[in-house]
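Let me begin by presenting the structure, written as C-alpha coordinates, before commenting on it.
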Amino acid sequence: MNILNRRALSKPQQRSRRWLWLLATTLWLLGSCSKPQEVVTLRMAHTLDQEHVVHKAMVKMAERMAFYSDGSMKIQIYSGGQLGSERELIELLQIGSLALTKVSAAPLEGFVPVMKVFSLPYVFRDSAHLWAVLDGAVGQDLLAALEPVRLKGLGYYDAGARSFYTTAKALHSPADLAGQKFRVPNSQTSVEMVQALGGAATPVDWGELYTALQQGVVDGAENNPPSFYLSRHYELSKYYVLDEHSMVPDMILMSQHIWNQLTPEQQGWLEQAMADSVVYQKTLWQQASDDALSKVKAHGVEVIYPDKTAFIQAVQPMLQAQQGTAVGDLVNKIMAVQVAPVAVPANIPAETTPVATPVTKTTTPTTSALTGGSDE
(Lines of atoms letter the chains of each structure in order from A and count residues from 1; the text may use other names and numbers.)
(Lines give C-alpha, C1' and ligand atoms only; values in the text may rest on other atoms or scores of the structure.)
Protein backbone atom coordinates (compact mmCIF):
# COMPACT_ATOMS: atom_id res chain seq x y z
CA MET A 1 0.00 0.00 0.00
CA ASN A 2 2.78 2.38 0.86
CA ILE A 3 4.56 1.60 -2.37
CA LEU A 4 1.44 2.25 -4.39
CA ASN A 5 0.95 5.57 -2.59
CA ARG A 6 4.54 6.67 -3.29
CA ARG A 7 4.14 5.90 -6.96
CA ALA A 8 0.95 7.87 -6.99
CA LEU A 9 2.77 11.09 -5.99
CA SER A 10 2.99 13.65 -8.74
CA LYS A 11 6.36 15.02 -9.82
CA PRO A 12 5.69 18.44 -8.22
CA GLN A 13 4.84 16.67 -4.98
CA GLN A 14 8.03 14.64 -5.16
CA ARG A 15 10.12 17.79 -5.75
CA SER A 16 8.37 19.51 -2.85
CA ARG A 17 9.10 16.58 -0.55
CA ARG A 18 12.78 16.58 -1.58
CA TRP A 19 13.03 20.31 -0.89
CA LEU A 20 11.45 19.85 2.54
CA TRP A 21 13.92 17.08 3.31
CA LEU A 22 16.87 19.21 2.20
CA LEU A 23 15.61 22.18 4.23
CA ALA A 24 15.18 20.06 7.36
CA THR A 25 18.66 18.59 6.93
CA THR A 26 20.20 22.04 6.44
CA LEU A 27 18.48 23.44 9.53
CA TRP A 28 19.64 20.46 11.57
CA LEU A 29 23.23 20.93 10.42
CA LEU A 30 23.14 24.65 11.20
CA GLY A 31 21.70 23.98 14.63
CA SER A 32 24.33 21.38 15.43
CA CYS A 33 27.21 23.75 14.58
CA SER A 34 28.24 25.99 17.46
CA LYS A 35 28.03 29.69 16.86
CA PRO A 36 31.31 31.66 16.88
CA GLN A 37 32.03 32.45 20.53
CA GLU A 38 32.32 36.12 21.40
CA VAL A 39 35.69 37.02 22.95
CA VAL A 40 35.40 38.65 26.37
CA THR A 41 38.04 41.36 26.83
CA LEU A 42 38.92 42.55 30.34
CA ARG A 43 40.74 45.87 30.61
CA MET A 44 43.50 45.90 33.23
CA ALA A 45 45.40 49.04 34.23
CA HIS A 46 48.29 49.89 36.52
CA THR A 47 50.73 52.74 37.17
CA LEU A 48 54.03 50.93 36.67
CA ASP A 49 56.78 50.83 34.07
CA GLN A 50 56.66 47.89 31.65
CA GLU A 51 59.99 46.67 33.01
CA HIS A 52 58.50 46.23 36.48
CA VAL A 53 57.94 42.63 37.57
CA VAL A 54 54.29 43.42 38.32
CA HIS A 55 53.71 44.29 34.66
CA LYS A 56 55.48 41.11 33.59
CA ALA A 57 53.30 39.10 35.96
CA MET A 58 50.20 40.70 34.46
CA VAL A 59 51.38 39.69 31.00
CA LYS A 60 51.74 36.15 32.33
CA MET A 61 48.21 36.39 33.73
CA ALA A 62 46.90 37.43 30.31
CA GLU A 63 48.71 34.52 28.66
CA ARG A 64 47.28 32.00 31.13
CA MET A 65 43.80 33.46 30.77
CA ALA A 66 43.94 32.96 27.01
CA PHE A 67 45.17 29.39 27.59
CA TYR A 68 42.53 28.37 30.13
CA SER A 69 39.68 29.95 28.16
CA ASP A 70 40.90 28.58 24.81
CA GLY A 71 41.04 32.13 23.49
CA SER A 72 37.52 33.09 24.51
CA MET A 73 38.79 35.59 27.10
CA LYS A 74 41.66 38.04 26.98
CA ILE A 75 43.18 40.74 29.17
CA GLN A 76 44.21 44.08 27.67
CA ILE A 77 46.85 45.85 29.79
CA TYR A 78 47.32 49.62 30.15
CA SER A 79 50.59 50.50 31.90
CA GLY A 80 52.30 53.60 33.26
CA GLY A 81 49.23 55.35 34.65
CA GLN A 82 47.58 55.78 31.24
CA LEU A 83 44.14 55.51 32.84
CA GLY A 84 44.90 57.38 36.07
CA SER A 85 46.43 57.15 39.53
CA GLU A 86 45.86 54.18 41.82
CA ARG A 87 42.96 55.88 43.57
CA GLU A 88 41.39 56.80 40.24
CA LEU A 89 41.75 53.21 39.03
CA ILE A 90 40.01 51.94 42.16
CA GLU A 91 37.14 54.34 41.52
CA LEU A 92 36.90 53.15 37.89
CA LEU A 93 36.52 49.60 39.20
CA GLN A 94 33.75 50.66 41.55
CA ILE A 95 31.64 52.07 38.73
CA GLY A 96 32.40 49.17 36.38
CA SER A 97 34.40 51.21 33.85
CA LEU A 98 37.53 49.10 34.36
CA ALA A 99 37.82 45.38 35.04
CA LEU A 100 41.15 44.89 36.81
CA THR A 101 43.94 46.83 38.48
CA LYS A 102 46.94 46.51 40.76
CA VAL A 103 47.18 48.85 43.73
CA SER A 104 49.30 49.07 46.81
CA ALA A 105 47.28 48.02 49.86
CA ALA A 106 48.11 51.36 51.53
CA PRO A 107 45.51 53.64 49.85
CA LEU A 108 42.79 51.03 50.35
CA GLU A 109 42.43 52.13 53.97
CA GLY A 110 40.54 55.11 52.54
CA PHE A 111 37.93 52.63 51.29
CA VAL A 112 38.14 49.85 53.89
CA PRO A 113 39.50 51.05 57.27
CA VAL A 114 40.90 47.67 58.37
CA MET A 115 43.32 47.82 55.43
CA LYS A 116 45.42 50.21 57.50
CA VAL A 117 46.92 47.11 59.12
CA PHE A 118 49.22 46.81 56.10
CA SER A 119 50.65 50.30 56.62
CA LEU A 120 51.39 49.81 60.31
CA PRO A 121 55.16 49.55 60.79
CA TYR A 122 56.94 46.34 61.74
CA VAL A 123 53.78 44.21 61.88
CA PHE A 124 55.39 41.52 59.72
CA ARG A 125 58.59 39.90 60.93
CA ASP A 126 59.91 39.02 57.48
CA SER A 127 58.78 37.95 54.02
CA ALA A 128 58.03 34.38 55.10
CA HIS A 129 55.76 35.69 57.87
CA LEU A 130 54.03 38.08 55.46
CA TRP A 131 53.17 35.28 53.03
CA ALA A 132 52.06 32.93 55.77
CA VAL A 133 49.54 35.63 56.71
CA LEU A 134 48.46 36.50 53.16
CA ASP A 135 47.99 32.87 52.15
CA GLY A 136 46.08 32.08 55.34
CA ALA A 137 42.74 33.00 56.88
CA VAL A 138 43.67 36.62 57.67
CA GLY A 139 44.70 37.31 54.08
CA GLN A 140 41.50 35.82 52.71
CA ASP A 141 39.36 37.75 55.20
CA LEU A 142 40.99 41.00 54.07
CA LEU A 143 40.22 40.22 50.43
CA ALA A 144 36.59 39.53 51.37
CA ALA A 145 36.42 42.85 53.26
CA LEU A 146 36.56 44.65 49.89
CA GLU A 147 33.20 43.34 48.66
CA PRO A 148 31.01 45.94 50.45
CA VAL A 149 32.79 48.69 48.46
CA ARG A 150 32.13 46.95 45.11
CA LEU A 151 35.63 45.50 44.79
CA LYS A 152 36.65 41.88 44.31
CA GLY A 153 40.04 40.96 45.77
CA LEU A 154 41.70 38.33 43.59
CA GLY A 155 45.03 38.04 45.39
CA TYR A 156 48.36 39.56 46.37
CA TYR A 157 51.66 40.35 44.66
CA ASP A 158 54.95 40.70 46.49
CA ALA A 159 56.03 44.32 46.98
CA GLY A 160 58.90 43.67 49.35
CA ALA A 161 59.76 46.01 52.19
CA ARG A 162 59.56 49.79 52.10
CA SER A 163 62.58 51.83 53.21
CA PHE A 164 63.55 55.50 53.28
CA TYR A 165 65.69 57.29 50.71
CA THR A 166 66.95 60.86 51.03
CA THR A 167 68.47 63.50 48.80
CA ALA A 168 71.07 64.89 51.21
CA LYS A 169 71.08 63.44 54.73
CA ALA A 170 71.99 59.92 55.79
CA LEU A 171 69.61 58.22 58.22
CA HIS A 172 71.00 55.89 60.87
CA SER A 173 68.33 56.27 63.57
CA PRO A 174 64.91 57.91 64.03
CA ALA A 175 66.65 61.01 65.40
CA ASP A 176 68.02 61.67 61.90
CA LEU A 177 64.48 62.14 60.52
CA ALA A 178 64.00 65.33 62.55
CA GLY A 179 63.48 68.37 60.34
CA GLN A 180 63.17 66.23 57.18
CA LYS A 181 60.10 66.17 54.91
CA PHE A 182 59.16 62.77 53.50
CA ARG A 183 56.72 61.98 50.76
CA VAL A 184 54.10 59.42 51.83
CA PRO A 185 51.22 57.76 49.94
CA ASN A 186 47.64 58.81 50.47
CA SER A 187 47.43 56.91 53.76
CA GLN A 188 46.83 58.44 57.18
CA THR A 189 48.70 55.55 58.77
CA SER A 190 51.78 56.33 56.66
CA VAL A 191 51.57 59.95 57.80
CA GLU A 192 51.41 58.87 61.44
CA MET A 193 54.35 56.50 60.99
CA VAL A 194 56.68 59.21 59.68
CA GLN A 195 55.58 61.51 62.47
CA ALA A 196 56.21 58.79 65.08
CA LEU A 197 59.75 58.48 63.76
CA GLY A 198 60.30 62.22 64.09
CA GLY A 199 59.92 63.35 60.48
CA ALA A 200 57.35 65.48 58.66
CA ALA A 201 55.00 63.66 56.29
CA THR A 202 53.96 65.25 53.00
CA PRO A 203 51.49 63.42 50.72
CA VAL A 204 52.59 63.81 47.08
CA ASP A 205 51.19 62.04 44.03
CA TRP A 206 53.61 59.40 42.77
CA GLY A 207 53.79 60.91 39.30
CA GLU A 208 54.88 64.24 40.79
CA LEU A 209 57.47 62.85 43.21
CA TYR A 210 60.50 63.10 40.92
CA THR A 211 59.90 66.83 40.51
CA ALA A 212 59.17 67.22 44.23
CA LEU A 213 62.54 65.67 45.07
CA GLN A 214 64.25 67.74 42.42
CA GLN A 215 62.78 71.03 43.67
CA GLY A 216 63.21 70.28 47.37
CA VAL A 217 59.49 70.08 48.12
CA VAL A 218 60.40 66.90 50.01
CA ASP A 219 63.75 65.70 51.33
CA GLY A 220 63.04 62.04 50.74
CA ALA A 221 60.50 59.29 50.27
CA GLU A 222 60.15 55.57 50.92
CA ASN A 223 59.58 52.54 48.75
CA ASN A 224 60.93 49.13 47.80
CA PRO A 225 64.18 48.72 45.81
CA PRO A 226 62.67 47.98 42.36
CA SER A 227 60.39 51.02 42.60
CA PHE A 228 63.26 53.22 43.81
CA TYR A 229 65.31 52.15 40.80
CA LEU A 230 62.66 52.15 38.06
CA SER A 231 61.37 55.58 39.11
CA ARG A 232 64.93 56.90 38.67
CA HIS A 233 64.68 58.55 42.08
CA TYR A 234 68.24 57.34 42.65
CA GLU A 235 69.32 60.17 40.33
CA LEU A 236 68.29 62.64 43.05
CA SER A 237 68.95 60.58 46.18
CA LYS A 238 72.30 60.05 47.88
CA TYR A 239 71.16 57.56 50.51
CA TYR A 240 68.91 54.50 50.69
CA VAL A 241 68.31 53.34 54.27
CA LEU A 242 67.08 49.76 54.55
CA ASP A 243 65.07 50.18 57.73
CA GLU A 244 62.30 48.07 56.12
CA HIS A 245 59.61 49.72 58.22
CA SER A 246 56.67 48.14 56.43
CA MET A 247 55.75 45.35 54.06
CA VAL A 248 52.76 46.55 52.09
CA PRO A 249 51.71 44.02 49.45
CA ASP A 250 50.24 44.88 46.10
CA MET A 251 46.68 43.70 45.57
CA ILE A 252 44.99 42.62 42.36
CA LEU A 253 41.45 43.97 42.38
CA MET A 254 38.49 43.49 40.08
CA SER A 255 35.26 45.35 39.62
CA GLN A 256 32.61 43.42 41.55
CA HIS A 257 30.08 44.45 38.89
CA ILE A 258 32.13 42.92 36.07
CA TRP A 259 33.00 39.85 38.14
CA ASN A 260 29.29 39.17 38.64
CA GLN A 261 28.75 39.29 34.86
CA LEU A 262 31.15 36.38 34.29
CA THR A 263 29.96 32.80 34.30
CA PRO A 264 31.26 30.47 37.05
CA GLU A 265 33.48 28.83 34.44
CA GLN A 266 34.94 32.19 33.38
CA GLN A 267 35.50 33.15 37.01
CA GLY A 268 37.39 29.89 37.49
CA TRP A 269 39.64 30.59 34.52
CA LEU A 270 40.41 34.03 35.87
CA GLU A 271 41.25 32.69 39.33
CA GLN A 272 43.54 30.06 37.83
CA ALA A 273 45.32 32.66 35.70
CA MET A 274 45.70 34.89 38.75
CA ALA A 275 47.19 32.06 40.82
CA ASP A 276 49.72 31.30 38.08
CA SER A 277 50.75 34.95 37.85
CA VAL A 278 51.30 35.14 41.63
CA VAL A 279 53.77 32.26 41.50
CA TYR A 280 55.53 33.88 38.54
CA GLN A 281 55.68 37.34 40.16
CA LYS A 282 57.11 36.00 43.41
CA THR A 283 59.76 34.13 41.41
CA LEU A 284 60.83 37.36 39.71
CA TRP A 285 60.58 39.65 42.74
CA GLN A 286 63.64 38.73 44.80
CA GLN A 287 65.94 38.82 41.79
CA ALA A 288 64.53 42.20 40.76
CA SER A 289 65.07 43.54 44.29
CA ASP A 290 68.67 42.34 44.40
CA ASP A 291 69.35 43.72 40.92
CA ALA A 292 67.85 47.10 41.85
CA LEU A 293 70.10 47.45 44.90
CA SER A 294 73.16 46.61 42.82
CA LYS A 295 72.20 49.15 40.16
CA VAL A 296 71.53 52.06 42.54
CA LYS A 297 74.86 51.36 44.24
CA ALA A 298 76.54 51.49 40.84
CA HIS A 299 74.96 54.92 40.33
CA GLY A 300 76.55 56.21 43.52
CA VAL A 301 73.76 55.73 46.06
CA GLU A 302 75.01 54.77 49.52
CA VAL A 303 72.93 51.88 50.85
CA ILE A 304 72.76 51.93 54.66
CA TYR A 305 71.85 48.93 56.82
CA PRO A 306 70.79 50.50 60.14
CA ASP A 307 70.11 48.85 63.47
CA LYS A 308 66.30 48.57 63.36
CA THR A 309 65.86 48.40 67.13
CA ALA A 310 65.39 52.15 67.63
CA PHE A 311 63.00 52.35 64.67
CA ILE A 312 60.88 49.51 66.05
CA GLN A 313 60.76 51.05 69.52
CA ALA A 314 59.79 54.48 68.17
CA VAL A 315 56.60 53.20 66.53
CA GLN A 316 55.34 50.98 69.36
CA PRO A 317 52.84 53.66 70.52
CA MET A 318 51.17 53.37 67.09
CA LEU A 319 50.60 49.65 67.58
CA GLN A 320 49.50 50.06 71.19
CA ALA A 321 46.94 52.68 70.14
CA GLN A 322 45.19 50.04 68.00
CA GLN A 323 44.51 47.68 70.90
CA GLY A 324 40.80 47.12 71.43
CA THR A 325 39.95 47.98 67.81
CA ALA A 326 39.26 45.81 64.77
CA VAL A 327 42.69 46.69 63.42
CA GLY A 328 44.27 45.82 66.77
CA ASP A 329 42.58 42.42 66.67
CA LEU A 330 44.03 41.87 63.20
CA VAL A 331 47.50 42.85 64.42
CA ASN A 332 47.24 40.28 67.21
CA LYS A 333 46.16 37.59 64.75
CA ILE A 334 49.03 38.48 62.43
CA MET A 335 51.59 38.42 65.22
CA ALA A 336 50.32 34.98 66.27
CA VAL A 337 50.87 33.41 62.84
CA GLN A 338 53.79 31.00 62.89
CA VAL A 339 55.85 30.14 59.84
CA ALA A 340 56.32 26.45 59.20
CA PRO A 341 59.91 25.50 58.31
CA VAL A 342 60.38 24.63 54.66
CA ALA A 343 61.87 21.21 54.07
CA VAL A 344 64.51 21.24 51.33
CA PRO A 345 65.12 17.92 49.52
CA ALA A 346 68.61 16.58 50.16
CA ASN A 347 69.51 16.54 46.47
CA ILE A 348 68.56 20.20 45.88
CA PRO A 349 70.86 22.96 47.18
CA ALA A 350 69.07 25.38 49.53
CA GLU A 351 70.02 28.37 47.39
CA THR A 352 68.43 26.96 44.24
CA THR A 353 65.64 29.14 42.87
CA PRO A 354 63.20 28.43 40.04
CA VAL A 355 64.11 29.72 36.61
CA ALA A 356 61.43 32.06 35.31
CA THR A 357 60.03 31.62 31.84
CA PRO A 358 60.55 34.76 29.73
CA VAL A 359 57.41 36.64 28.77
CA THR A 360 56.65 38.75 25.76
CA LYS A 361 55.84 42.39 26.29
CA THR A 362 52.41 43.71 25.40
CA THR A 363 52.05 46.31 22.71
CA THR A 364 51.08 48.93 25.26
CA PRO A 365 53.04 52.12 24.45
CA THR A 366 56.19 52.58 26.51
CA THR A 367 55.85 55.27 29.13
CA SER A 368 58.34 57.64 30.67
CA ALA A 369 60.70 56.13 33.21
CA LEU A 370 59.52 58.81 35.61
CA THR A 371 56.28 56.88 36.02
CA GLY A 372 58.03 53.65 36.94
CA GLY A 373 57.69 52.03 40.33
CA SER A 374 54.76 51.74 42.65
CA ASP A 375 52.18 54.51 42.52
CA GLU A 376 52.02 54.42 46.29
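Residues 1 to 376 in full-length UniProt numbering are what the sequence shown spells out, letter by letter.
Where is the CB? At the ideal position from N, CA and C, for every residue including glycine.
Since we're looking at a predicted model, the values are computed, not measured.
Here DSSP, grouped into helix, strand and coil, assigns Glu51 to coil.
Thr166 and Tyr280 do not touch by the CB rule: their CB atoms are close to 33 Å apart, not below 8 Å. Lys308 is positioned such that its CB atom lies closer than 7 Å to that of Asp243. The DSSP assignment places 86–94 as complete runs of the alpha helix (DSSP H) inside the region 78–110, in order along the chain (cut-off: 4 residues). Every beta strand (DSSP E) of 3 residues or more that sits fully in the region 178–223 is shown, in chain order, as 181–184, 200–203 and 220–223.
In terms of CA proximity to Ser97, Glu88 leads the group Asp290, Arg125, Ser104 and Glu88. The three-state reading of DSSP puts Gly139 in helix, counting H, G and I together. The three-state reading of DSSP puts Gly153 in strand, counting E and B together. By the Cβ criterion, the region 52–66 is in contact with the region 268–280, since at least three pairs of Cβ atoms, one from each stretch, lie closer than 8 Å. Annotated three-state conformation of Asp276 is helix, per DSSP. Ser294 counts as exposed, since fewer than 16 other C-beta atoms from the protein chains shown sit within 10 angstroms of its C-beta. Under the DSSP assignment, His172 falls outside any alpha helix (DSSP H); it carries neither an H nor an E label.
Between Ser104 and Ala159 a beta carbon distance of about 7 Å is seen, short of the 8 Å cut, so the two are scored as contacting. Cβ-Cβ separation between Tyr210 and Ser231: approximately 7 Å, consistent with a contact (criterion under 8 Å). In the three-state reduction of the DSSP assignment, Ser127 falls in the helix class. The alpha-carbon separation between Glu302 and Glu38 amounts to approximately 54 Å.
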